[in-house]
Amino acid sequence: MTPGHGILARPAVEVAPLLLGAVLGHAGVLLRITEVEAYLGVGVDPGSHAFRGQTRRNATMFGPSGHLYAYFSYGMHVCANIVCSPDGEASAVLLRGGEIIAGEASARMRRPTARSDRDLARGPARLTRALGIGLDDDGADLGLAPFELTLPEHPAPFLSGPRTGVGGDGGGAEYPWRFWIPGDGTVSPYRRHPKLGAPPLQR
DNA sequence: GCCTGGATTAACT
DNA sequence: GTTAATCCAGGCG
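Residues are numbered in our numbering as their position in the first sequence, beginning at 1, plus a constant of 293.
This is the structure:
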């Protein structure tokens, strides 16, 4: 594991802003992370897969930090998280958006419908696909091949706001657990959860 | 076992 | 703006 990854062994809400500007590499593509969401642990965060305790799907979240938690969603998509917290505690940071900084051709092959470069990894399932990450990669150590994770030398400026796609009314939407680099075009558009009536406040 | 709904996307009106 | 696609995990009986 690359030096400095010890900081990942902290709660996701603390780690999330530190991952903005980090570079994740896999399958010939380098991605600069521009948007993330924190998901917390057992009994704390109703929007988190770990809320009700450990299951087969979320087992990786309960393992050591610095590993990849990949899960299947909506019958067709894969989303990727970076596991945080010490071994035995569950929290993770969902990768929601990023900028392709190398291997654009490979990313385009995997994302033929992307209209523009910035759409290649704008959105959690798009990002995962552009990087060639699949369910097989669940549990992978991000510090070892075929992955590489480089944390930023200096913290990136960021804004925070409510998470996208997470329900309100105890679903955790009231907390500012979404973090992004302001003004970056690869940040995904905010969409409130269908169950949320009123428009959200961003920031 | 059966049923529900989802940390989404792309296509369409 | 709306909706179809698509399938598994989790919850419940």
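Here a beta-carbon is modelled for each residue, glycine too, at the ideal position from N, C-alpha and C.
Cα separation between Ile499 and Arg325?
-> Past the edges of the chain, shown from 294 to 496, lies residue 499, and the structure says nothing about it.
DSSP three-state assignment for Ser384, whether helix, strand or coil | Under the three-state reduction of DSSP, Ser384 is assigned to coil, being neither helix nor strand.
Hey, how far is the Cα of Ser378 from the Cα of Val459?
-> 22 Å
How big is the Cα-Cα spacing for Ala302 and Ser409?
-> 36 Å
Pick out the complete beta strand (DSSP E) segments inside the region 354 to 408, 3 residues or longer, and give them in chain order.
-> 361 to 366, 370 to 376 and 385 to 395
Pro450, buried or exposed, once every other Cβ within 10 Å from all chains shown has been counted against 16 = exposed
With DSSP as the reference, please indicate the residues paired to Trp473 in a beta bridge.
-> Glu328 and Leu452
Pull up the distance between the alpha-carbon of Arg496 and that of Ala352, whole angstroms please.
-> With a pLDDT of 40 at Arg496, under the threshold of 50, the modelled position of this residue cannot be trusted, and the question is left open.
Short check: CB of Asp338 to CB of Gly356, under 8 Å?
-> no
Are Thr443 and Ser481 close, meaning C-beta to C-beta below 8 Å?
-> no
Give every residue of the same chain whose Cβ lies closer than 6 Å to the Cβ of Arg411, excluding the five residues on either side of it in the sequence, and list them in chain order.
-> Cβ neighbours of Arg411 beyond the five flanking positions: Gly478 and Thr479.
Alpha carbon to alpha carbon, what distance is there between Phe440 and Trp470?
-> Between Trp470 and Phe440, the C-alpha separation is close to 26 Å.
Between Pro493 and the rest of its own chain, which residues show a CB-CB distance below 8 Å, the 5 nearest in sequence each way excluded?
-> Because Pro493 carries a pLDDT of 43, less than 50, the predicted location of this residue cannot be relied on, and the following value inherits that uncertainty. Answer for Pro493: Gly454, Pro455, Ala466, Tyr483 and Arg485, listed in chain order.
Quick one: what does DSSP say Thr443 is sitting in, helix, strand or coil?
-> strand
Of the listed residues Asp431, Tyr468, Ala418 and Ala315, nearest to Tyr367 (C-alpha basis) = Ala418
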